[in-house]
Amino acid sequence: MALLALIVAISAVIGITRATNNQVADVERISGLDGLLSSATDADGNLIDSSGNVLDNAVDVPTENYLLVGSDTREGISADDPDFGVIGDTGVVSGRRSDTIMVLRREQNGGAALVSLPRDLWLEIPGTGGSNRINAAYNGGADRLVATVVQTLGIPIHHYIEVNFVGFRDIVNEIGGVTICFPYPTRDPKTGLDQPAGCNLLDGLEALSYARSRTYQEFREGDWRTDPTSDIGRTQRQQQFIAAAADGVLAQIADNPFSAGDLISALSASVRVDDTLDPFLSAAALKQAYEGGFTRYSLPVYGDTVGNASVLRLDSGAEEILNYFRGTGPAPASD
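Each residue of the sequence shown is one higher than the last, beginning at 1252 in this note's numbering.
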């Protein structure tokens, strides 16, 4: 999800080819987010700081938050795709639903922080007159999801990046897979995850089954044991995966700078971004932030029931983390 920005950043820094610019221009833009996104530009499109001063360098932009969304849409997948039988088409899941929601905070002076918002988190959903799981907000469109994060959670969002199943799979395949270490034999019958114990190189489809797993099972002491943390454990695994995949992207381009164009091609048809995002300028700042190191957070939550639905609610300690991403509090201790 955050990989598009990192890939484009490195491409821009080493000045690959003009083709890279053309590929980036093909990325779909999302309109309708005006008034919801915080701005780091003036009316003329110049980068500005919080006092309105025009900046010459993208990395000088003040702290920004990126809303990163993994969509489980099957739109655009062809019956000729070799993984069609596993991923499925719109007959499996029609429209778009959020499978992963994260906020990435980019620090002005380097470093970044990442917090996952569990899909089952129960919140007031703007524009609906009621509350629901945060996953349901995305069903009403990217604008409703952004409004929920901005208005209900109080986290300012500067940019929005979304990638679907096909893009996720393709970028992992393009970098030659991602290595994940499993302390025990692991499986998830629902996503198709099936890995022996050890550090294993996952291809795109295997990585997708790992990142999406909600019924994660490990074989311990002669028995298959399901992870009791469900969506919480899932978000922690996704954060771990993103860090490993980002390392893979950086290593790939360091070895072969001209591969950046192929990486962008793998994503251009599967990524959507807000219409104010300048991929090169924003990504240059994200590259600097990544090199400063990621800090990962998990929101404290507890299980509850609303009607017949199992949901999650914010627990003690969540406000400390949220205040940091709101820009109103210091960085708390990380996971």
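C-beta atoms are modelled at their ideal positions from N, C-alpha and C, and glycine is treated no differently.
Assigned exposure category for residue i - 16 Cβ within 10 Å defines buried
i: residue 1548; result: buried
i: residue 1280; result: exposed
i: residue 1350; result: buried
i: residue 1338; result: With a pLDDT of 47 at residue 1338, under the threshold of 50, the predicted position of this residue should be treated as unreliable, and no value is reported.
i: residue 1472; result: exposed
i: residue 1393; result: buried
i: residue 1383; result: buried
i: residue 1460; result: buried
i: residue 1584; result: exposed
i: residue 1439; result: buried
i: residue 1476; result: exposed
i: residue 1458; result: buried
i: residue 1480; result: exposed
i: residue 1557; result: exposed
Chain-order list of residues whose beta-carbon lies under 6 angstroms from that of residue i (same chain, five-residue window excluded)
i: residue 1566; result: 1551, 1552, 1553
i: residue 1577; result: 1405, 1406
i: residue 1413; result: 1320, 1322, 1523
i: residue 1286; result: none
Anticipated Cβ contact below 8 angstroms, residue i with residue j, distance rounded
i: residue 1410; j: residue 1542; result: Not confirmed; about 19 angstroms, so no contact.
i: residue 1429; j: residue 1496; result: 5 angstroms
i: residue 1580; j: residue 1574; result: 3 angstroms
i: residue 1467; j: residue 1478; result: 4 angstroms
i: residue 1526; j: residue 1282; result: 5 angstroms
i: residue 1499; j: residue 1426; result: 4 angstroms
i: residue 1540; j: residue 1358; result: 6 angstroms
i: residue 1456; j: residue 1420; result: 6 angstroms
Neighbourhood of residue i by C-beta, 7 angstroms cutoff - its chain only, sequence neighbours within 5 removed
i: residue 1388; result: 1376, 1395, 1396, 1399
i: residue 1564; result: 1373, 1552, 1553, 1555
i: residue 1318; result: 1354, 1397, 1400, 1408, 1411
i: residue 1356; result: 1314, 1316, 1363, 1364, 1576
i: residue 1572; result: 1366, 1548, 1550, 1583
i: residue 1445; result: 1438
Sequence-distant residues of its chain with Cβ nearer than 8 angstroms to residue i (five each side left out)
i: residue 1432; result: 1449, 1450, 1451
i: residue 1482; result: 1369, 1370, 1371, 1465, 1563
i: residue 1391; result: 1376, 1378, 1379
i: residue 1434; result: 1448, 1469
Counterpart residues of residue i in DSSP-defined beta bridges
i: residue 1363; result: 1357, 1545
i: residue 1318; result: 1354, 1411
i: residue 1553; result: 1564
i: residue 1382; result: 1375
i: residue 1280; result: 1524
Residue i CB to nearest heavy atom of the ligand HEM below 7 angstroms
i: residue 1553; result: This structure does not include the ligand HEM; it has no bound ligands of any sort.
(message) If we require 4 or more residues per run, which alpha helix (DSSP H) segments fall completely within the segment 1410-1439?
(response) Within the segment 1410-1439, the complete alpha helix (DSSP H) runs of at least 4 residues are 1416-1425.
(request) Ignoring anything shorter than 4 residues or poking outside the segment 1436-1479, list the alpha helix (DSSP H) runs there in chain order. (result) The DSSP assignment places 1455-1462 as complete runs of the alpha helix (DSSP H) inside the segment 1436-1479, in order along the chain (cut-off: 4 residues).
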